[in-house]
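In terms of full-length UniProt numbering, the sequence shown has 78 at position 78, counting the first letter as 1, and numbering is strictly consecutive. Here is the structure we will look at.
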Amino acid sequence: TDRISRKLRKYKERRLDGYHGGKSNEADDITDALTKALEETDPPSEVADKEVDPYAKEITKIKSFNLGKPQSLQEAVFALDYIDHDFYVFKNAESGEINVVYKRNAGGIGLIQPSED
């Protein structure tokens, strides 16, 4: 339901802002009706019985891979562009720690590394 809600929100924003700047009342009516219907649906009973958030996302796939040899930051950024994913996990050759480089929504590349604390 989160996925559907996000898609509806994006669709609504796209329709409000529009590709050409126009506003559509029909899009508002459709997304409002679907959003209301999603909010009124009850979570599955087996999920509710476990006393967890019924709308929390759950892991549906686990993927393992070999990090291979340690890489420089420059090599990791090159690999990020080469594999055409939003992020790339690598073992930093300088620090020996696991780092992540990622494509930022605002443009550019970000780096996630463990804090030194």
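Even glycine gets a Cβ: it sits at the ideal position worked out from N, Cα and C. On a predicted model such as this, the values are computed, not experimentally measured, just so you know.
For Ile109, the residue or residues it bridges with in DSSP: Lys103
With 16 other Cβ atoms within 10 Å as the buried cut-off, status of Leu111: exposed
Phe90 beta carbon less than 7 Å from that of Tyr102: No; because the gap between Cβ atoms is not below 7 Å, this pair is not in contact.
Proximity below 7 Å, CB of Ala93 to CB of Gln113: no
Alpha-carbon to alpha-carbon, Glu97 and Ser5: So the alpha carbons of these two residues sit roughly 37 Å apart.
Length of the line joining the Cα atoms of Arg3 and Tyr82: 28 Å
Burial state of Leu67, where buried means 16 or more other Cβ atoms lie within 10 Å: Classification of Leu67: exposed, given that the 10 Å Cβ count is below 16.
N- and C-terminal bounds of the beta strand (DSSP E) containing Phe78: Per DSSP, Phe78 belongs to no beta strand (DSSP E); it is in the alpha helix (DSSP H), 73–83.
Whole-angstrom distance between Val77 and Gly108, CA atom to CA atom: One C-alpha to the other measures close to 11 Å.
Ile59 - DSSP class collapsed to helix/strand/coil: Reduced to three states, the DSSP call for Ile59 is coil.
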